[in-house]
Structure formats: C-alpha cells, structure tokens
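Student: Mind having a look at this structure? Questions to follow.
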Amino acid sequence: MPSALEKLYKILKLESETGYKDHAVYKGLGAFAKQWEADARTQAKKPEHHALIDELVALMQQYSHSTAPDERPAAVQYMISRITGRVPRQAAQASAPKGLQAHMDEQLPESAQSAPAPLDLDSPSGQTAFGVAPSVVLQPRSSALPPRRRRPEPDPESEAAFWRALQQPVTAISGVGEKIAEKLSALGIRTIEDWLWRFPRRYDDYTTMLPINRLRPNMTVTAAGVVREIKLNRARQGAEVLHVTIHDGTGALTATFFNQPYLEKRFERGMFIVFSGKVTLYQQRLTMSNPEWEPIDKEALNTRAIVPIYPLTKGLAQGTMRKLSQKVVERYALEIPDYMPEPILERVGLADLGWAIKQLHFPDSQEALQQAKRRIAFDDLILLQLGVLRNRLSWQAQRAEPLVITDELFAALINGLPYKLTSAQARALEQIRRDLARDVPMNRLLQGDVGAGKTVVAALGMAIAVLSGKQAALMAPTSILAEQHRKSLAQLFSALAPMSRYPIYLLTGDTSAAERSAILKALSEGEPCFVVGTHALIGESVHFAQLGMAVIDEQHRFGVEQRSALRGKGANPHLLVMTATPIPRTLALTLFADLDLSVLDELPPHRVPVATRVISRRDREALYAFIDRQIEQGRQAFIVCPLVESDAEQPNAEMKAAVAEYERLQGEIFPTRRLGLLHGKLSARQKEAVMRAFSKGALDILVTTAVVEVGVDVPNATVIVVEGANRFGLAQLHQFRGRVGRGTHKSYCLLLPDDDNTDNERLQAMEATHDGFKLAELDWQLRGAGELLGTRQSGRNLLMSTAIDPKLVAEAQLEARTLYEEDPSLALPEHAALRARLEARYGRSEVAEIS
Numbered sequence: 088m089p090s091a092l093e094k095l096y097k098i099l100k101l102e103s104e105t106g107y108k109d110h111a112v113y114k115g116l117g118a119f120a121k122q123w124e125a126d127a128r129t130q131a132k133k134p135e136h137h138a139l140i141d142e143l144v145a146l147m148q149q150y151s152h153s154t155a156p157d158e159r160p161a162a163v164q165y166m167i168s169r170i171t172g173r174v175p176r177q178a179a180q181a182s183a184p185k186g187l188q189a190h191m192d193e194q195l196p197e198s199a200q201s202a203p204a205p206l207d208l209d210s211p212s213g214q215t216a217f218g219v220a221p222s223v224v225l226q227p228r229s230s231a232l233p234p235r236r237r238r239p240e241p242d243p244e245s246e247a248a249f250w251r252a253l254q255q256p257v258t259a260i261s262g263v264g265e266k267i268a269e270k271l272s273a274l275g276i277r278t279i280e281d282w283l284w285r286f287p288r289r290y291d292d293y294t295t296m297l298p299i300n301r302l303r304p305n306m307t308v309t310a311a312g313v314v315r316e317i318k319l320n321r322a323r324q325g326a327e328v329l330h331v332t333i334h335d336g337t338g339a340l341t342a343t344f345f346n347q348p349y350l351e352k353r354f355e356r357g358m359f360i361v362f363s364g365k366v367t368l369y370q371q372r373l374t375m376s377n378p379e380w381e382p383i384d385k386e387a388l389n390t391r392a393i394v395p396i397y398p399l400t401k402g403l404a405q406g407t408m409r410k411l412s413q414k415v416v417e418r419y420a421l422e423i424p425d426y427m428p429e430p431i432l433e434r435v436g437l438a439d440l441g442w443a444i445k446q447l448h449f450p451d452s453q454e455a456l457q458q459a460k461r462r463i464a465f466d467d468l469i470l471l472q473l474g475v476l477r478n479r480l481s482w483q484a485q486r487a488e489p490l491v492i493t494d495e496l497f498a499a500l501i502n503g504l505p506y507k508l509t510s511a512q513a514r515a516l517e518q519i520r521r522d523l524a525r526d527v528p529m530n531r532l533l534q535g536d537v538g539a540g541k542t543v544v545a546a547l548g549m550a551i552a553v554l555s556g557k558q559a560a561l562m563a564p565t566s567i568l569a570e571q572h573r574k575s576l577a578q579l580f581s582a583l584a585p586m587s588r589y590p591i592y593l594l595t596g597d598t599s600a601a602e603r604s605a606i607l608k609a610l611s612e613g614e615p616c617f618v619v620g621t622h623a624l625i626g627e628s629v630h631f632a633q634l635g636m637a638v639i640d641e642q643h644r645f646g647v648e649q650r651s652a653l654r655g656k657g658a659n660p661h662l663l664v665m666t667a668t669p670i671p672r673t674l675a676l677t678l679f680a681d682l683d684l685s686v687l688d689e690l691p692p693h694r695v696p697v698a699t700r701v702i703s704r705r706d707r708e709a710l711y712a713f714i715d716r717q718i719e720q721g722r723q724a725f726i727v728c729p730l731v732e733s734d735a736e737q738p739n740a741e742m743k744a745a746v747a748e749y750e751r752l753q754g755e756i757f758p759t760r761r762l763g764l765l766h767g768k769l770s771a772r773q774k775e776a777v778m779r780a781f782s783k784g785a786l787d788i789l790v791t792t793a794v795v796e797v798g799v800d801v802p803n804a805t806v807i808v809v810e811g812a813n814r815f816g817l818a819q820l821h822q823f824r825g826r827v828g829r830g831t832h833k834s835y836c837l838l839l840p841d842d843d844n845t846d847n848e849r850l851q852a853m854e855a856t857h858d859g860f861k862l863a864e865l866d867w868q869l870r871g872a873g874e875l876l877g878t879r880q881s882g883r884n885l886l887m888s889t890a891i892d893p894k895l896v897a898e899a900q901l902e903a904r905t906l907y908e909e910d911p912s913l914a915l916p917e918h919a920a921l922r923a924r925l926e927a928r929y930g931r932s933e934v935a936e937i938s
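Numbering (the working numbering), first residue to last: 88 to 938.
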C-alpha cells in the first residue's frame, strides 16, 4: 500500500500538472487535508513526523482558503520539497510563499515551529519521513543545486588544446615514473584523461563515524578500531571462517570472512583498521559479514574526511594512488571545459563537469558526492543515447533486400510446430516478419526471460530468409552453445515439411578441415542454407554470397566490432540480436535506442517453475545430503561460489576461493562424487572442456564462479546452490536459476546468504516470483543499474550506476531526443563541444558519416 506521503506527493504533482486550480482532488486540498491527516497519523512514528503532518495539513487548508493564485505554484513546490526531505523547514521558509509562514506558525504548536528536517536517521537512505520506503517516483533530490561557475565565452581552439593536453601520458605528472606508469596501465590508466575518469571504487566516510557502542543492527556504516583478536575456525560442515574483532574503547565489533583463510596473514593484533558494511547481531554480539576493510587513514580520521578507496594493482599502495590522484585532480579537474549545453544543466539541475570530477575523487560531503555521481551518470546516459540514435539514423539510411514468403507458406510453418506459440512469441514473430518484408535492414533486439522461447522465434525468422532464397547465420559465444543451437534447429525443422530440404551447417573452431571446406564452398556459392557458429563465422575466409539474415545470441557476449563484422559478411543483411537478461523497459529504451525492441514476457505453459528457497547456514548439512540424494537419482548439480573482491594483495582472490571450496567439497563433503571446477582464469578451451564434460554427464557436480551465469542447456541438472547469495544482484541470481529446470524433472534453486541475520528482502523476492522483469525492476530500485548496464557492450561500461534511477534515465532520454530532433549532427555552434565529446567517445568517422 502506498504511504500517506507518497499519496500526497502524487496529488501535488497532479495539481501542478493541471494548472494549480485546486482540482487535483474532490473538493480541493483543504477538504482532503482532514482525510489525509487521519491516514498519515497511523504511519507516523516520531514527534517530528507528527510535526510534518501538522505543517502539511495547515498548508493544504491555507492553499484552498486564502492562497493567492500566483502564490500556488510556490506553495505546491514547497510541500513537495518538505515531503521528499529535500528542504528542511528552516531552510525552506525563505522560499515559502508570502503569508503562508504566518498562517503556519498560528496553526502549529510551538515545538513544531522549530522542528528539525523530517529525516529518519535510523532508517536506510531513500525512505520517506515516516520510514516507509516509497516507490521510485519519490527518490529525493539534493537539498540545493550544486555550485555553478560562470562559463567563459566559447573558445573552440583553447578547449581543443586542453583536451589534447589530457591525452598526455601519465608520466607527465610529477612523481610518476615508468614503473608506476606500468602499474597504472594495468588499471587502464594510460593518459591524464584516463586518470580523471578512473573514479574510486568506494569511500570510507569518517564524517559520520559512530563509536561501536552506538552501532545498531541493519545500519550500513564505517567503523574503526584496533584489532584485538584474530581467529580462524573450521565450521562443522568444513567451511573455513575467519573472525577479526576490533575495539575502539566503547565496544567490540567482529567481522566474519567466509572461505577466505588467506586473509588471516593480512591482519595483525594492534593494527588500526576500518570495516565498512552492514551491522548484524549474532549471539548478542555486533558483527559484519565479509565487510570491506582498510588500514585506518589517521589524518582522515582526525579531520573527519570522506576518503576515496581506489582500485589497485600489485605494487601500488592506496596512499600512493590517493596522493598522485590529488595532484592530477587539483591540476586539471576544475579547468576542464564543460561540453554539456548550459540550458540542459539548468533544466536537469546538474553540477559543472569539473566540480563533479573533483567531488568524485575527493568529496566534501555525501550530498556533494551524490550530486557529482548524478552529473557523470547523466553524461554517460545522454552520450550513449546520442550514440545509439546516431547508429539508428545510419542503419535506417541503408537499403536491404526484402524477404517475403506467402501467407500460406507462413501458416504452414506455424501449423507444423509441435506446440502452440505463446502470444508473446506470436507477437514478436509478426514484428520480425514485418521487418524482413521492408527494404530497410532489420535491427531488432529480442529480449526474453530464461525459457521464454527466443530460439524458436529466431529460427522461424531465419526460415523466412532461407525460404526467400537467402542464407541465414546464427552466431553463439561458445562452441557448446553453437552445437546446442544447431541441434535445436535440426529438431525443429525436421518436423516442418517446407524446411526439411535445407542444410544446417555448424562452423566452429572444432569443425574438421574437410567439413569446413565444404561449408565455405556452399556459403560462397550462395546455397540457401542455415549456418550456426561461433566467432569462426566472421573469419576472413568466410564469404557469404547471399546472407539475408544474421542472428546473434547472448548479444552482451559480443563487442560492437564482432556484430559489425557479421553484418558486414552480407549486403546489409537483416539483424536480430537476442538476450536472456531482463532489463526494465525504461532502461532498455536508452541502452538499445538503436534497436527495435521485442519482448517475450511470458513463459510457455509446459515450463515448470524452479522451486526457490533461502536456506539457513544451519541447514548446510541437510543441503549437502539433499544434493547427494539428487545425484543418487542420476541428477546433477551446480554449486556457485560467492563473489570475492580481488585487490592488489590478492589479485586472484575469487579464483583461489573457488579452488579452495572445490577442494573442500571434493575431499570432505562429496569424496565419492565426480566434481568439476569452472572459473574465470581458465582459458576458453579449458572452460569448454569442463562444460562439455558436465553436459555429457561425466561430472556430478560443477563448482563454479559467476562465469556459469550464461551457459549451456543441461536438462539433467536439477539443483543449483548459490553461496553468499546476498552478494549477487537479483538479475544475476535469476540467470543462475535459469541453469536448471530445463528438463522434465523438478528442479531447485537454493540460496545461502552469508549469515542468517542478513536483511534478505531481495532474496525473498526470488522465492516470490519467477518473473525476471519484475526482479530486474526491483534490483534497479534496490541496487542501482550497475548489473543491468553491464549487459551493454558499447566499448565502455556506464559509470556511477547507483545514481541511475528511472527519473534520470527519462531526463536523459528527453534531452537526447530533443537534441537529436533539433540538430541531429550537432552542427550548431552551441553543440560543438558536445559533438567533440561524442566523437571522442564513439569515433569521429562514425559521427561524420551521418552529418
């Protein structure tokens, strides 16, 4: 149920949209105030909540009875600011409409007249004043616009010279020699510009640090103290657990690290360290599970600063990185020419570019940090949007050969299927058929949940191409997936009379020389056929004479260059890309604005949901026994190791943790079972060998890191266990769940959080729904867009994903489309700097191509 504040917020927004006529609710805001007050009182928890209610009720009554029409816009905006907590009452009074303040002071009790801002400091950020989490529409904005400098008159030559100066190598910075430059290069920092845009991975906030005795469960904090105890225990089930206890003179806090025994050597008694994480209570003791930690920065502790924590590589210390970053930022940040047109900054309420970069490296406050993140996030969004809109204009200007079959032949294809298409599949197929019939090349994204039937839709589109006398190609990221697709096409088309005479070729790195030669000959001679393959399809020796349609599976596994290379194998073939990653529609329209979008948002009726449960660590032995029983019945299982962040001291920490877990499971838990290990440090060929062994039943259990997120179809696998499940996003957990439930047997996804006290609201959502789009939307609200944005391989991942909320995405879409309509090639003088930045991001030739 929406909170009272959320309800009032929506009414006030409606009032502003309808011209401030007091028509947003029946009989006006004054009459509504009494009804709203009764509802709001039941949700208020603190005296300041009741004070806020008093204030808003008085404002609504005043609004209807005596506020002058020209004062109403200010009154509505004032109430909205109070609801969202953007403006404390004391600061807001100056902007309140005349006459209102006197009326409020008459109506409010004395205690309320000086009440502090209605912020609930005991609740997580983003909640309303009543501690009730609002929907995304109520995300508060900062209380004041960031400082803005008067921008000098445009000087293209000096601006270009400054950007060229940023291309200097890092050795131009005093104190950076060849050795340090080599280490920075390993972090992707080769130029001064690279350095400015290589932001800290997190921050230690010493400004709000509480003594340990004031910490409470569910707080997310940074806590400091002296290491007093280091203890490595082996749990009854064999897992290794490291306990590190710090004291600060007021109390003790224990950090628990699971399956990371190598950390024991990095802690010493007497060390001053900080832990950053979520506080839980275990056996009446304050604890943190797998927190971030660093040695204390004593100067920052004394000055109460927010300290940046940078990514590191071996041989590069945090102090060195911080000191050198400060040099770079102080020398260059505030002088950076701002390429964003000023009217856009004004409309969206954004900071200057240089100020934002400086704050991201060395924040003055949390508020400044959020404003800075918001600016850089907006820049990434609008540049991406402009880039993909440019791509859209480019491909729409090209010509393709229409691919058309008769209605009778199309009906024969559909009626010959062994099952009925879902309405979503039928809708997507009709969209693809219409695209293929046009003389503009299709450029469509087929987005569907795991098991939604994307392959069938793509196959039928390919069939239209082949029946039109053309060739159709499907490119998959691995040989195993390519083989799987080829098998699926063969099974599907064997039952469809019109298709049985067309060959389905398989071209991968494992294809024999003789087979390869025959396939290349058929393709170069224009034989109507299907070909499924890997990167081998875009090899120099591959020539298609009649490529009519290209399909790319798991598109986020391929870069822009690879997609372009496949398309370049034909004369503007129609292109369909597929993804199993559900992305909220608002975000998808930004990430894939160059593609038309088809969504499969329902599952076939025969698909049995995977039983999903959050399992207590106390039940680990029972869990292992359950897996053993499944194997006894001839089934197989995945065990996903938890995310472990690598650092300079342990660059391969995740791989080492996976190896340790594999050895423990094989040696102590499942000594008679056949286990395999999959992790990111294996070569592509090694990964394929492990997956092939598992898919053929040569392994009972596959112990894996997150690389198994997108994998092959193993119908016999019925169990997937995710260790440290709270460390993964919902979208990723949903992908893991999709690895099982592909056969006829009942399947299970079992989620083990780090400890039973972790706030597992997100994990419980996995139990409640199998709708990947709902989970993606929730993930976006709870964790930001980071994981979702990681699915777009555009040459550079978007930054500051936690700042990317639906409102910011909508604002970036609006501004980009407005620019695109007014000045598609950004040729106007006021857009020259933005055009230059777009060229730097995506390449000059591509922008010039459409100008």
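Backbone N, C-alpha and C define an ideal beta-carbon position, used for all residues, glycine too.
Is the stretch 657-666 touching the stretch 493-506, taking contact as three or more C-beta pairs under 8 Å?
Tutor: No, because fewer than three Cβ pairs between the stretch 657-666 and the stretch 493-506 fall closer than 8 Å, the two stretches do not touch.
Student: At what residues does the beta strand (DSSP E) containing T309 begin and finish?
Tutor: Position 222 of the sequence shown, counted from the first residue, corresponds to residue 309. From DSSP, the beta strand (DSSP E) with T309 extends over 307-321.
Student: Since I591 contacts F617 with CB under 8 Å, what's their CB separation in whole angstroms?
Tutor: Your numbering for residue 591 matches position 504 in the sequence shown. Your numbering for residue 617 matches position 530 in the sequence shown. Yes, they are in contact, since the Cβ atoms of I591 and F617 sit about 4 Å apart, within 8 Å.
Student: Excluding the 5 residues flanking Q194 on each side, which residues of the same chain have their C-beta closer than 6 Å to its C-beta?
Tutor: Translated into the one-based positions of the sequence shown, residue 194 becomes position 107. Because the pLDDT of Q194 is 34, which lies under 50, any placement of that residue in the model is unreliable, and the number read from its coordinates should be weighed accordingly. Excluding sequence neighbours, Q194 sits near A145.
Student: Once you ignore the five residues that flank A499 on each side, which residues in its own chain have a CB closer than 8 Å to its CB?
Tutor: Residue numbering aside, residue 499 sits at position 412 when the sequence shown is read from its first letter. Same-chain partners within the cutoff: L583, A584, P585.
Student: Is R761 closer than 8 Å to H832 when the C-beta atoms are compared?
Tutor: In the sequence shown, the residue the question calls residue 832 occupies position 745. In the sequence shown, the residue the question calls residue 761 occupies position 674. Cβ distance not < 8 Å, so H832 and R761 don't count as in contact.
Student: My understanding is that T294 touches I393, with C-beta atoms under 8 Å, so please give their C-beta distance in whole angstroms.
Tutor: For the purposes of this step, residue 294 is taken as the residue at position 207 of the sequence shown. For the purposes of this step, residue 393 is taken as the residue at position 306 of the sequence shown. Contact holds; Cβ gap of about 6 Å.
Student: Should N346 go down as buried or exposed, given a rule of 16 or more other Cβ atoms within 10 Å for buried?
Tutor: Your numbering for residue 346 matches position 259 in the sequence shown. It is buried - the Cβ of N346 has at least 16 other Cβ atoms within 10 Å.
Student: Let me confirm a value: S198 is counted as buried when at least 16 other C-beta atoms fall within 10 Å, else exposed. Which label applies?
Tutor: For this step, residue 198 is matched to residue 111 along the sequence shown. In this prediction, S198 scores a pLDDT of 34, lower than 50, which makes its location untrustworthy; the coordinate-derived value is nonetheless stated afterwards. Its Cβ having fewer than 16 others within 10 Å, S198 is exposed.
Student: Please name the residue, chosen from M549, I567, L554, that lies closest to L561 on a Cα-to-Cα basis.
Tutor: As a position in the sequence shown, residue 561 is number 474, starting the count at 1. That would be M549, whose Cα lies nearest to the Cα of L561.
Student: Who pairs with I591 in a beta bridge, going by DSSP?
Tutor: Position 504 of the sequence shown, counted from the start, is the residue given in the question as residue 591. Partner(s): F617.
Student: Compare the C-alpha of Y349 against each of N320, G336, V366 and name the closest.
Tutor: What you label residue 349 is simply residue 262 of the sequence shown in a count that begins at 1. Per the Cα distances, N320.
Student: Quick check: the stretch 699-710 against the stretch 778-789, are there 3 or more CB pairs under 8 Å?
Tutor: Result no; under three Cβ-Cβ pairs closer than 8 Å.
Student: What is the DSSP secondary structure of K270, reduced to helix, strand or coil?
Tutor: Stepping through the sequence shown from its first residue, residue 270 is reached at position 183. K270: helix per DSSP, three-state reduction.
Student: Going by C-alpha distance, which of H137, V727, K541, Q558 is nearest E810?
Tutor: The residue labelled residue 810 in the question sits at position 723 within the sequence shown. The shortest Cα separation from E810 among H137, V727, K541, Q558 belongs to V727.
Student: Would you identify the three-state DSSP class for K114, choosing helix, strand or coil?
Tutor: For the purposes of this step, residue 114 is identified with residue 27 of the sequence shown, where counting begins at 1. The answer is coil: DSSP assigns K114 none of H, G, I, E or B.
Student: Use the C-beta contact count for E280: other C-beta atoms within 10 angstroms, 16 or more gives buried, fewer gives exposed.
Tutor: Against the sequence shown, residue 280 aligns to sequence position 193. Buried, by the Cβ-count rule.
Student: Okay, do the stretch 479-496 and the stretch 417-437 touch, 3+ Cβ pairs below 8 Å being the bar?
Tutor: In short, these stretches do not touch, since the Cβ pair count stays below three.
Student: Counting Cβ pairs, one atom from each stretch, are 3 or more of them under 8 Å apart for the stretch 89-98 and the stretch 124-137?
Tutor: Counting Cβ pairs under 8 Å, three or more are found: they touch.
Student: How would you call E570, buried or exposed, if buried means at least 16 neighbouring beta carbons within 10 angstroms?
Tutor: As a working mapping, residue 570 is identified with position 483 in the sequence shown. The residue is buried, with at least 16 neighbouring Cβ atoms inside 10 Å.
Student: Measuring CA to CA, which of Q518, R277, A524 is closest to R531?
Tutor: The residue you call residue 531 lines up with position 444 of the sequence shown. The option with the nearest alpha carbon to R531 is Q518.
Student: Is the shortest distance between the beta-carbon of V527 and the beta-carbons of chain B less than 8 Å?
Tutor: Given the protein chain composition of this structure (a single chain), no chain B is represented.
Student: Which ranges does the beta strand (DSSP E) cover as unbroken runs of at least 3 residues, wholly within the stretch 552-612, from first to last along the chain?
Tutor: Qualifying beta strand (DSSP E) stretches, in chain order: 558-562, 591-594.
Student: Is D683 helix, strand or coil when you go by DSSP?
Tutor: Along the sequence shown, one-based indexing puts residue 683 at 596. Here D683 sits in strand by DSSP.
Student: Output the distance between the C-alpha atoms of Y589 and K608, rounded to the nearest integer angstrom.
Tutor: Your numbering for residue 589 matches position 502 in the sequence shown. Your numbering for residue 608 matches position 521 in the sequence shown. Their backbone Cα atoms lie some 15 Å apart in a straight line.
Student: Is it buried or exposed, E158, if we count other Cβ atoms within 10 angstroms and call 16 or more buried?
Tutor: Sequence index remark: in the sequence shown, residue 158 carries index 71 (1-based). Result: buried.
Student: With a threshold of 16 other CB atoms inside 10 Å of the CB of E433, please say whether the residue is buried or exposed.
Tutor: As a position in the sequence shown, residue 433 is number 346, starting the count at 1. When all chains shown are included, E433 counts as exposed.
Student: How many Å lie between F249 and T309 at the Cα?
Tutor: On the sequence shown, residue 249 is found 162 positions in, with the first residue counted as 1. On the sequence shown, residue 309 is found 222 positions in, with the first residue counted as 1. Distance between the alpha carbons of F249 and T309: 39 Å.
Student: Across the stretch 484-498 and the stretch 538-553, are there enough close Cβ pairs to call them in contact, namely three or more that are closer than 8 Å?
Tutor: Segments in contact, yes.
Student: Are the Cβ atoms of D715 and F757 separated by less than 8 Å?
Tutor: Your numbering for residue 715 matches position 628 in the sequence shown. Your numbering for residue 757 matches position 670 in the sequence shown. Yes, these two residues count as a Cβ contact at 8 Å.
Student: Grab me the residues of Y929's own chain with a C-beta within less than 7 Å of its C-beta, minus the 5 sequence neighbours each way, in chain order.
Tutor: As a working note, residue 929 is residue 842 in the sequence shown. Around Y929: G474.
Student: What does a CB cutoff of less than 6 Å around G556 pick up in its chain, not counting 5 residues either side in sequence?
Tutor: For the purposes of this step, residue 556 is identified with residue 469 of the sequence shown, where counting begins at 1. P615.
Student: Taking the beta strand (DSSP E) that W482 falls in, what are its first and last residues?
Tutor: By one-based count along the sequence shown, residue 482 stands at place 395. First-last for W482: 453-483, but that is the alpha helix (DSSP H), not the beta strand (DSSP E).
Student: Three or more C-beta pairs closer than 8 Å, one from the stretch 770-779 and one from the stretch 804-820: is that the case here?
Tutor: No: fewer than three Cβ pairs fall under 8 Å.
Student: Can you tell me whether DSSP reads F525 as helix, strand or coil?
Tutor: Here residue 525 refers to the residue found at position 438 of the sequence shown. Looking at the sequence provided, one finds Arg at residue 525 rather than Phe. Coil.
Student: Looking only at its own chain, which residues have a Cβ that is under 7 Å from the Cβ of Q472, when we skip the five neighbours before and after it?
Tutor: One-based indexing of the sequence shown puts residue 472 at position 385. Cβ neighbours of Q472 beyond the five flanking positions: T677, A680, A899, Q900, A903.
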